[in-house]
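Participant:
Number of protein chains: 2
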Amino acid sequence: MLVTSTFDVVGEPTRRRILDLLREGPRPVGELVRLIGCSQPGTSRHLRVLRDAGLVAVRPEAQRRLYVLRPQPLAEIDAWLTPYRELWANRLDALEQHLDDLDAQKMED
Amino acid sequence: MLVTSTFDVVGEPTRRRILDLLREGPRPVGELVRLIGCSQPGTSRHLRVLRDAGLVAVRPEAQRRLYVLRPQPLAEIDAWLTPYRELWANRLDALEQHLDDLDAQKMED
DNA sequence: TCGGTATATGCCTTGACACGTATATAATCT
DNA sequence: AGATTATATACGTGTCAAGGCATATACCGA
Chain D
1 MLVTSTFDVV
11 GEPTRRRILD
21 LLREGPRPVG
31 ELVRLIGCSQ
41 PGTSRHLRVL
51 RDAGLVAVRP
61 EAQRRLYVLR
71 PQPLAEIDAW
81 LTPYRELWAN
91 RLDALEQHLD
101 DLDAQKMED
Chain Z
110 MLVTSTFDVV
120 GEPTRRRILD
130 LLREGPRPVG
140 ELVRLIGCSQ
150 PGTSRHLRVL
160 RDAGLVAVRP
170 EAQRRLYVLR
180 PQPLAEIDAW
190 LTPYRELWAN
200 RLDALEQHLD
210 DLDAQKMED
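Residue numbers (my numbering), protein chains in the order written: chain D, 1 to 109; chain Z, 110 to 218.
1) Rounded to a whole number of angstroms, what is the C-alpha to C-alpha distance between residue 125 (chain Z) and residue 63 (chain D)?
2) Can you tell me the Cα-Cα spacing of residue 24 (chain D) and residue 68 (chain D), whole angstroms?
3) Can you find a CB in chain D that lies within less than 8 Å of the CB of residue 119 (chain Z)?
4) Can you tell me where the alpha helix (DSSP H) holding residue 166 (chain Z) begins and where it ends?
5) Can you grab the Cα-Cα spacing for the pair residue 137 (chain Z) / residue 129 (chain Z), in whole Å?
6) Using the beta-carbon count (16 or more within 10 Å), is residue 52 (chain D) buried or exposed?
7) Do we get a CB-CB distance below 8 Å when we pair residue 72 (chain D) with the residues of chain Z?
8) Compute the Euclidean distance between the alpha carbons of residue 180 (chain Z) and residue 84 (chain D), then round it to the nearest angstrom.
9) In the region 21-47 of chain D, which residues sit with their C-beta less than 8 Å from some C-beta in chain Z, listed in chain order?
10) Do the CB positions of residue 165 (chain Z) and residue 175 (chain Z) come within less than 8 Å of each other?
11) Can you find the residues in the same chain that come closer than 8 Å, C-beta to C-beta, to residue 4 (chain D), ignoring five residues on each side of it along the sequence?
12) Please classify residue 135 (chain Z) as buried or exposed, where buried requires at least 16 neighbouring CB atoms within 10 angstroms.
13) Whose CA, out of D:40, D:18 and D:77, lies closest to the CA of residue 6 (chain D)?
14) Does chain D have any CB closer than 8 Å to the CB of residue 169 (chain Z)?
15) At 8 Å on the CB atoms, spell out the chain Z contacts of residue 77 (chain D), in chain order.
16) For residue 27 (chain D), name the three-state secondary structure that DSSP assigns.
17) Quick check on the DSSP output: the alpha helix (DSSP H) that includes residue 125 (chain Z) runs from which residue to which?
18) Could you name the residues of the same chain whose beta carbon sits closer than 7 Å to that of residue 108 (chain D), not counting the 5 residues immediately before and after it, in chain order?
19) If we call anything under 8 Å between Cβ atoms a contact, is residue 167 (chain Z) one with residue 152 (chain Z)?
20) Could one say the Cβ of residue 106 (chain D) lies closer than 8 Å to chain Z's Cβ atoms, at least one of them?
21) Does any residue of chain D have a CB that is nearer than 8 Å to the CB of residue 160 (chain Z)?
Here you go:
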């Protein structure tokens, strides 16, 4: 990933799973390894990517390292989603919407 | 992509750009090619992926093919995002933000 | 039917990522 | 200091996706 954006970071299912688990509170690596059934090195690598994206922070606790969720970067995705949200909320797909717009234009003439 | 989910489909920046353009209304392939500066075959392949994910539909119009946005699958991302939305919203008040910042200093990556 | 336009697909190369194994680093305890 | 636990990184590998180029397909006008 040359330009790592929040989108492709959470595009990885395992990383989404990690975030979901961290929503319940900080967890050490070993616990994540056990819960997601990924290898320890693999988990550490995913955590590295999440940390680089600002989605988690790490806090040393004795020999272990507690990972903590930092959800702010997800706001970027939320922002991108915003204009689409209205579209499916109206239960209209863009084609119908467009046709409606055309009708509206004709009526204005 | 073995298990193509909506997440990795919109993880691609060019595809997000295509969706953004289709929000304004249906467009033929050639126009998308011109607007996003991607090759014609490349654009067609991205459209193929979007179509397989149910994010666009196609409507033949003479020799051209009009692509239309179908935003419903994006609701999956929106749903995943929902529990996080409260989290970053709660961190908007000044006190918690300040405490977060202190934590961030201690955690230091 | 022929030529031109619009779009899709096949083939190939390249690069990036996820994963596993092994090893390094760090902290703790005796 | 040595042993043990917890986590990170290095290295090699297989896989898969994206891009470019060439070509196939489909539709249209003359």
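Where a beta carbon is used, it is the ideal one built from N, C-alpha and C, also for glycine.
Facilitator: With the structure as the only source:
1) Using only the alpha carbons, I get a separation of about 42 Å.
2) The straight-line gap from Cα to Cα measures roughly 10 Å.
3) At least one chain D Cβ lies under 8 Å of residue 119 (chain Z).
4) Segment 165-170 is the beta strand (DSSP E) holding residue 166 (chain Z); no alpha helix (DSSP H) there.
5) 14 Å
6) exposed
7) yes
8) 6 Å
9) 23
10) For residue 165 (chain Z) and residue 175 (chain Z), no; Cβs fall outside 8 Å.
11) Closer than 8 Å at Cβ, skipping near neighbours: 49, 52 and 53.
12) buried
13) Among D:40, D:18 and D:77, the Cα nearest to that of residue 6 (chain D) belongs to D:77.
14) no
15) By Cβ distance, chain Z contributes 186 and 190.
16) strand
17) 122-131
18) Bear in mind that the predicted position of residue 108 (chain D) carries a pLDDT of just 40, short of 50, making it unreliable; the figure below should be weighed with that in mind. No residues qualify anywhere along the chain.
19) no
20) Because residue 106 (chain D) carries a pLDDT of 45, less than 50, the predicted location of this residue cannot be relied on, and the following value inherits that uncertainty. Not one chain Z Cβ lies under 8 Å of residue 106 (chain D).
21) no
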